[in-house]
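Step one of this worksheet: look at the structure below.
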Amino acid sequence: MERIIFYECSQSCAGTTVERFLRRQGVSHRVLVDLKNTPNGLTLDGKPVRTIDRLPPEGKLRLCLPETDRSDTIPQADIALDIVYEDDDLFVVNKPAGLAVHPSPQNRQNTVANGLAALYTARKEPFVFRAIGRLDKNTSGLIVLAKNALSAGLLTTQAAQKVMHHDYLAVCTGMLPDEGTIDAPIGRADGSVIRREVRPDGDRAVTHFIRLAYRDGYSLARVWLDTGRTHQIRVHFAHLGYPLPGDFLYHPDFSRIQRHALHAGALWLRQPVTGQPLHFTAPLPDDMRIFFPDA
């Protein structure tokens, strides 16, 4: 499916080459190559234009983005996705715990990608899976999926620059301080492929938190990150002495919950083409609400 995008020329871009102008808009080299190789991929006021041509002070530059990729190896599965938001460039999905984002050799069928493949097939549209970032299988909450190569590149840049970011809700064992920052390096634990730990030779990791509530021996915290290390929130709170219940790696207490009590409950980003600020929230899931019924 093609994505059509228009840019208005103005005095500020007059004399700038098409390529330089589009690179300033965040268009990648690869997308530029696709546009150049697409008949009428680039037009100015309805006439074909080259990337080396210079823009006038007035006019309408049109991009026709072809879909040249396919995710044909991802099988379809009957997985109903909770789509919080959709436009021409992206989806925001509220992912449940227990559902992986990407397929793996051990899990080919039960992922967000499989559900999206089925959705695209039902719509009779070509399917390419482009997840921007990821959540652990047992972390619930909001994820972003790009619909085309341009939005994927722009959203990836937003994530790297922290323009796109999450707030998390975490249930922690014990009474957390009112607020705090955990600045402790994280690295792979000796003898383990997946387990992480705080260690002096690890990568810097910074986690901020505010305690929102306390009930029956558990704290509900709002958490946000300066860095994005593997298992960062889980490792940091366990290191601090307030582990997340239900965490099979760092605190395997399954008396009240069967997965680590972590939810990506808020998301900020900008619409990749228009720049419009977007903000989404997802309520605390039922298995975490058991700890805080009024949250």
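Residue numbering for the sequence shown follows the UniProt record's numbering, starting at 1 and increasing by one per position.
Glycine included, every Cβ here is placed at the ideal spot set by N, Cα and C.
Rounded Cβ spacing between residue i and residue j (contact assumed at less than 8 angstroms)
{"i": "L44", "j": "T51", "result": "Not a contact, Cβ separation roughly 11 angstroms."}
{"i": "R3", "j": "N148", "result": "5 angstroms"}
{"i": "V144", "j": "L269", "result": "7 angstroms"}
{"i": "V223", "j": "A170", "result": "5 angstroms"}
{"i": "T139", "j": "H251", "result": "Wrong, their Cβ atoms sit about 15 angstroms apart, outside the cutoff."}
{"i": "P285", "j": "A80", "result": "About 15 angstroms; that fails the 8 angstroms criterion."}
{"i": "L176", "j": "S219", "result": "4 angstroms"}
{"i": "F161", "j": "A118", "result": "Residue identity check: residue 161 is Gln in the sequence provided, not Phe. Not quite, the Cβ-Cβ distance comes to about 33 angstroms (not below 8 angstroms), so this is no contact."}
{"i": "A146", "j": "D89", "result": "7 angstroms"}
{"i": "R196", "j": "G187", "result": "7 angstroms"}
{"i": "D247", "j": "R234", "result": "6 angstroms"}
Same chain, Cβ closer than 8 angstroms to residue i, five either side skipped, listed in chain order
{"i": "Y120", "result": "P126 and F127"}
{"i": "residue 296", "result": "For the chain, the structure presents residues 1 to 295; residue 296 sits outside this window and is missing."}
{"i": "I5", "result": "R62, L63, L65, L150 and V273"}
{"i": "R70", "result": "P126, F127 and V128"}
{"i": "K60", "result": "F6, Y7, E8, C9, L44 and D45"}
Residue range of the unbroken beta strand (DSSP E) whose run includes residue i
{"i": "I186", "result": "I186 to R188"}
{"i": "Y7", "result": "R3 to C9"}
{"i": "A221", "result": "Y218 to L225"}
{"i": "L42", "result": "L42 to L44"}
{"i": "C64", "result": "G59 to L65"}
{"i": "I74", "result": "Taken as a continuous stretch (DSSP letters only), I74 belongs to no beta strand (DSSP E), as it is neither H nor E."}
Beta-carbon contacts of residue i that lie in its chain and below 6 angstroms, excluding the five residues immediately before and after
{"i": "N107", "result": "A100"}
{"i": "P105", "result": "none"}
{"i": "E19", "result": "T51"}
{"i": "F291", "result": "V171 and Y218"}
Contacting residues, own chain, Cβ-Cβ under 7 angstroms from residue i (five flanking each side not counted)
{"i": "residue 314", "result": "Residue 314 falls outside the range modelled here, since the chain spans only 1 to 295, and no answer is possible."}
{"i": "T156", "result": "I132"}
{"i": "P56", "result": "C9 and A14"}
{"i": "S28", "result": "G153"}
{"i": "R204", "result": "P185 and T227"}
{"i": "T38", "result": "C64 and P66"}
{"i": "T68", "result": "D34"}
{"i": "residue 351", "result": "This structure gives no information on residue 351, because the portion of the chain shown stretches from 1 to 295."}
Residue span of the alpha helix (DSSP H) that contains residue i, given as start and end
{"i": "D34", "result": "H29 to K36"}
{"i": "E19", "result": "V18 to R24"}
Below-8 angstroms beta-carbon distance, residue i vs any chain D residue
{"i": "F91", "result": "This model lacks chain D altogether, as it is built from one protein chain only."}
- Query: Is it true that the stretch 104-116 meets the stretch 163-174, where meeting means three or more beta-carbon pairs spaced less than 8 angstroms apart?
  - Reply: Between the stretch 104-116 and the stretch 163-174, the count of C-beta pairs closer than 8 angstroms stays below three; the two stretches do not touch.
- Query: Counting pairs of beta carbons, one from the stretch 225-244 and one from the stretch 277-293, are three or more of them closer than 8 angstroms?
  - Reply: No: the two stretches stay apart, fewer than three of their Cβ pairs being nearer than 8 angstroms.
- Stretch-stretch touch, CB-based, cutoff 8 angstroms, three pairs: the stretch 131-139 with the stretch 247-262: In short, these stretches touch, since the Cβ pair count reaches three.
- Task: Output the residue ranges of the alpha helix (DSSP H) runs that lie fully inside the stretch 233-294 and measure 4 residues or longer, sorted by chain position.
- Result: If we require 4 residues or more, the alpha helix (DSSP H) runs fully inside the stretch 233-294 come out as 286-289.
- Message: At 4 residues or longer, what runs of the alpha helix (DSSP H) sit wholly inside the UniProt domain "Pseudouridine synthase RsuA/RluA-like" (89-239)?
- Response: If one requires a minimum length of 4 residues, the alpha helix (DSSP H) runs lying completely within the UniProt domain "Pseudouridine synthase RsuA/RluA-like" (89-239) are 112-123 and 149-160, in chain order.
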